[in-house]
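J.:
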Amino acid sequence: MNARQFSLCFPFAMGGPDVTASFRENPEDFQVVETLDFEFSGEGEHQCFYIEKTGQNTRWVAGLLAEALGVEEAAVGYCGLKDRRAITRQWFSVHMPGGRDLTVPQLPSLEGCEILKMARHHKKLRRGNHAGNHFRIRLRQVDGERQLLVSRLAAIAAEGVPNYFGEQRFGREAGNLYEAEKLMYQRSADRSQRRKKTRKGVGKGGLYLSAARSYLFNLVLAERIAQHNWNTCLGDEVMPTGPLWGRGRTQVPEQVRELELRILSDWQDWCHGLEFSGLSQERRQLVLHPQNFEWDWQTSEHEECVDLELSFFLPPGCFATSVLREVANLQQSWAVAE
């Protein structure tokens, strides 16, 4: 197996930013509030908890909830993964047959967490069930020409940004992609074993497959940025989209299909591996439009610099870091990890 190298240096829509900023000096600098687009039924076997967590990731809190309430971790549901290096608010559901309600003294004590609300619902929360996430982010010690940055912010508000999957999808130092490469090789070497595993798509294997199809999407988006057509329709496209590779075909113009096959010509082993993985091919928009995009200048602790506070809303599956990378060159104080 020839070892591939995975570059995560994808092109910018407007060229590299002209300013630098410090990012995530503390959890308060990155705040996320999950928004649902439905009301809880008020009855049923699922107890729902609205939890504010600081410095904890979603999977860890789900495990703590399961342990505290004496259920299997599979009984805990949530709409999406929220970053550990942040203050986040999101809903969790716990399947508790019998409909018994928890009293305040029975609430689990979770490290770094506070339960803000409770509700009953008739079904489990699942990935993508939410309307999206509202972000409030503080970039500290912004260094550079302010007017250039204001023009850039206005362009982001008006035109959007490339809808890249964020680096956290690929793991520390792209580790998930190297694991995906091993997985593809193993399944290619043993077709029967690959077929036996096609319907699993869960656990670590599912994580690596998700990283693989996300990387292929980013490669297509990067090339369309290079061709200056990432935010314009080709052929009969209704809107610019890219592939989330898997089995089957979606309705896209022949011009788009041929372009994507050329871009991914060196990745056909991955394409075939994803087709046999049990995943169905889907499409994802190339352009991400942050909703209610606002910014405000704040006084910095350093006299020669200012801080910038950003506020915006993103739909499920979209990454705030894909917006931030177009704003400034970020110097992260916390290590990148999902």
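According to this note's numbering, the sequence shown is numbered sequentially starting from 1463.
Ideal Cβ placement from N, Cα and C applies to all residues, glycine included.
(1) Have a look at Q1713, D1545, F1500 and flag the residue whose alpha-carbon is nearest the alpha-carbon of K1585.
(2) From V1523 to E1487, what distance separates their C-alpha atoms?
(3) In this structure, does DSSP put M1646 in helix, strand or coil?
(4) Under 9 Å between the Cβ atoms of C1541 and R1588?
(5) Check whether the region 1617 to 1628 and the region 1465 to 1478 touch, using three or more Cβ-Cβ pairs below 8 Å as the test.
(6) Assign H1764 to one of two classes, buried (16 or more other C-beta atoms within 10 Å of its C-beta) or exposed (fewer than that).
(7) Buried or exposed for H1690, going by 16 or more other Cβ atoms inside 10 Å?
(8) Report the partner residues of P1778 according to the DSSP bridge assignment.
(9) Check the DSSP bridge columns for H1690 and list the partner residues they point to.
(10) Would you tell me roughly how many angstroms separate the C-alpha atoms of E1643 and L1543, rounded to the nearest one?
(11) Just list the residues that DSSP pairs M1580 with in beta bridges.
(12) In whole angstroms, what is the alpha-carbon distance linking V1494 and G1539?
(13) Along the chain, where does the alpha helix (DSSP H) that runs through V1523 open and close?
(14) For S1762, which three-state DSSP category applies?
T.: Checking against the coordinates, here is how it stands:
(1) F1500
(2) 23 Å
(3) helix
(4) yes
(5) yes
(6) exposed
(7) exposed
(8) According to DSSP, which records beta bridges pairwise, P1778 is partnered with nothing at all.
(9) Paired residues: none, contrary to the question.
(10) 24 Å
(11) F1511
(12) 18 Å
(13) 1520 to 1531
(14) coil
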